[in-house]
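Visitor: So for the sequence shown, this note's numbering puts the first residue at 2; every next one is plus one.
All C-beta atoms, glycine included, are put in the ideal place defined by N, C-alpha and C.
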Amino acid sequence: MRTILHVGTHKTGTTTIQQFAARRARELRDIGLWYPGFDLIGLKRHPAHHDFSHAVAGTLSSLSFEQAGEFVQAIAREAGDASHVLISAEPIYRHLIPEKPKGSAEYWAAREAYIARLAEVTAPLEPEILIVLRRQDDFSRSLYQENVKAKHMKQDFRHFLKTRLPFFQYLEQINLFKKYFKIVDIAIFEDLAKDGELIRDFFHHIGIDIGKIDKIAEFNESLPIELVEFKRQLNMTGLSKRELAAIARVLLDIGQHIDEFPRRPDLDWIPASEMAAFMNRFAAANAQIFSMMKSPPGRDTLFPAGRIRSEVFEALSPDRFKAINALVLRHLLTDSAA
Numbered sequence: 002m003r004t005i006l007h008v009g010t011h012k013t014g015t016t017t018i019q020q021f022a023a024r025r026a027r028e029l030r031d032i033g034l035w036y037p038g039f040d041l042i043g044l045k046r047h048p049a050h051h052d053f054s055h056a057v058a059g060t061l062s063s064l065s066f067e068q069a070g071e072f073v074q075a076i077a078r079e080a081g082d083a084s085h086v087l088i089s090a091e092p093i094y095r096h097l098i099p100e101k102p103k104g105s106a107e108y109w110a111a112r113e114a115y116i117a118r119l120a121e122v123t124a125p126l127e128p129e130i131l132i133v134l135r136r137q138d139d140f141s142r143s144l145y146q147e148n149v150k151a152k153h154m155k156q157d158f159r160h161f162l163k164t165r166l167p168f169f170q171y172l173e174q175i176n177l178f179k180k181y182f183k184i185v186d187i188a189i190f191e192d193l194a195k196d197g198e199l200i201r202d203f204f205h206h207i208g209i210d211i212g213k214i215d216k217i218a219e220f221n222e223s224l225p226i227e228l229v230e231f232k233r234q235l236n237m238t239g240l241s242k243r244e245l246a247a248i249a250r251v252l253l254d255i256g257q258h259i260d261e262f263p264r265r266p267d268l269d270w271i272p273a274s275e276m277a278a279f280m281n282r283f284a285a286a287n288a289q290i291f292s293m294m295k296s297p298p299g300r301d302t303l304f305p306a307g308r309i310r311s312e313v314f315e316a317l318s319p320d321r322f323k324a325i326n327a328l329v330l331r332h333l334l335t336d337s338a339a
C-alpha cells in the first residue's frame, strides 16, 4: 500500500481535488485508491482532512490529538487491497508548534516541530509527501486574496509579502519535509492545470487513471481586485467575523457579474518590476528544486513563464466604494426579505 500525504500548497486546486475524491470515493476505491473519511473512527466525514492536520498541531479541531492517531491506525488496519491511500490537507503546509512564533528563527523551529510531530503520528503508514507548487507571484496574489476574503486580513499586499515570506520559500519547506519523510514528491500546479484537466492530471501524477469516473466542476472563488480591496477596507471597521463572512459570500456572488466587474488580467497590486524582483529572490532556490524533481517538466525552469501585469491598482475611489457598498446592501436586503 502506497500512502500519499498531499500537503498543498494552498491555492493549487486543493478544494477541487478534495471534493472530487470525497464525492467519488466509492468509484475511486473500486480502482484501487482509498480516500478515507473520519467516519472510520465514528466521526463526521468531511471532504478534506483539514481537521487531522489541525489535531496534529494541537489547534482547534473536531478531532483530538489522540483521535488523529486512531485515524492513522484505522487506515493502516483497514486498507485492505487498496493500492493507494490519499490523505489531503493543505493546512499541513502552514501549521506551526507553537502556533505564533516570533521572528524567522522561531518560525522555522516551530515549522520543524510540526513536521516532526506529523511524521511521528503518520509513521504506521510510512507516507510519502506530495507537495504541489505554484509560481510565487501567482501564489502570493491568490493567497493574499484568500486571507482578505476568508480570514479578514487588514494588511496591504506589500506588508503581506513581508510577513508571509516563509510561505514562498519552497526549498526550505521541502528540505524540512525531506528531513522527516523518505519520499517528497513535487508537482507543479501550472502543469497539472494547463489543459483544464486538473483532476485527471493530479490523479495521474500519483499513479491513478480515473478513466470514465465523472469529474466535478472546479471550485474557483476568486474576486476582482477591487472587491478584494473593498473587503480589506471593511475588515478594518470592527464588523464581527460572522458579519464579514456574510459580506464575503455576497462579494463572491456579485463578483461573477462581468459587466459590473470586468476581469483585468493586466492589473496587479504592485508594479511589474517589483513583482519581478520578488520572483527573482527565489530563482536560485527554484533551480535547486528543479534539479531534485524525479520527473522534471520539459523546460529549463521550475515554472513556466508568468504573465506580465503592466497596470497597478492604485486605490478604491470613494465613489466606487459607495457603488460597491450599495450593491452589497441591496443584495443583503433582498436575501433578508426573501
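What does the Cβ neighbour count give for residue 249, buried or exposed, with the cut at 16 atoms within 10 Å?
Guide: Walking along the sequence shown from the start, residue 249 turns up at place 248. Flag for residue 249 reads buried.
Visitor: Is the distance from the Cβ of residue 87 to the Cβ of residue 7 below 8 Å?
Guide: As a working mapping, residue 87 is identified with position 86 in the sequence shown. As a working mapping, residue 7 is identified with position 6 in the sequence shown. Yes, the pair counts as a contact, with Cβ atoms nearer than the cut-off.
Visitor: Give the C-beta separation of residue 130 and residue 182 to the nearest angstrom, bearing in mind that I take them to be a contact with Cβ-Cβ under 8 Å.
Guide: Position 129 of the sequence shown, counted from the first residue, corresponds to residue 130. Position 181 of the sequence shown, counted from the first residue, corresponds to residue 182. With 8 Å as the limit, residue 130 and residue 182 qualify as a contact, their Cβ atoms being about 5 Å apart.
Visitor: Checking 8 Å against the spacing of the C-beta atoms, do residue 19 and residue 48 come in under that value?
Guide: Residue 19 sits at position 18 when you count from the first residue of the sequence shown. Residue 48 sits at position 47 when you count from the first residue of the sequence shown. Yes, they are a contact pair.
Visitor: Would you mind listing the alpha helix (DSSP H) stretches within the segment 281-328 that are 4+ residues and don't spill past its ends, in chain order?
Guide: 284-293, all fully within the segment 281-328.
Visitor: Within its chain, find whatever has a CB closer than 6 Å to the CB of residue 206; leave out the 5 residues flanking it on each side and keep chain order.
Guide: To locate residue 206, count along the sequence shown from 1; it is residue 205. Excluding sequence neighbours, residue 206 sits near 188.
Visitor: If you run the structure through DSSP and keep just helix, strand and coil, what is residue 130?
Guide: As a working note, residue 130 is residue 129 in the sequence shown. Three-state result, residue 130: strand.
Visitor: For a test of the three-state rule: what should DSSP assign to residue 259, helix, strand or coil?
Guide: Reading the sequence shown from its first residue, position 258 is the one you call residue 259. Of the three classes helix, strand and coil, the one that applies to residue 259 here is coil, per DSSP.
Visitor: For residue 162, I'd like the list of residues in its chain whose CB is within less than 7 Å of its CB, leaving aside the five on either flank, ordered along the chain.
Guide: Here residue 162 refers to the residue found at position 161 of the sequence shown. Once the five neighbours on either side are set aside, the close Cβ partners of residue 162 are 141, 279.
Visitor: Can you give the Cα-Cα distance for residue 139 and residue 329, rounded to whole angstroms?
Guide: In the sequence shown, residue 139 corresponds to position 138, counting from 1. In the sequence shown, residue 329 corresponds to position 328, counting from 1. Those two C-alpha atoms are separated by around 28 Å.
Visitor: So the beta strand (DSSP E) residue 18 belongs to, where does it begin and stop?
Guide: Here residue 18 refers to the residue found at position 17 when the sequence shown is read from its first residue. Note, residue 18: premise wrong, no beta strand (DSSP E); alpha helix (DSSP H) at 15-24.
Visitor: Return helix, strand or coil for residue 42, following the three-state DSSP convention.
Guide: For the purposes of this step, residue 42 is taken as residue 41 along the sequence shown, with counting starting at 1. If DSSP states are grouped into helix, strand and coil, residue 42 belongs with the helices.
Visitor: Using 10 angstroms around the beta-carbon of residue 128, count the other beta-carbons present and answer buried if the total reaches 16, otherwise exposed.
Guide: Along the sequence shown, read from residue 1 onward, the residue named residue 128 stands at position 127. Label assigned to residue 128: buried.
Visitor: Is the beta carbon of residue 191 sitting closer than 8 Å to the one on residue 305?
Guide: Position 190 of the sequence shown, counted from the start, is the residue given in the question as residue 191. Position 304 of the sequence shown, counted from the start, is the residue given in the question as residue 305. Cβ atoms of residue 191 and residue 305: closer than 8 Å.
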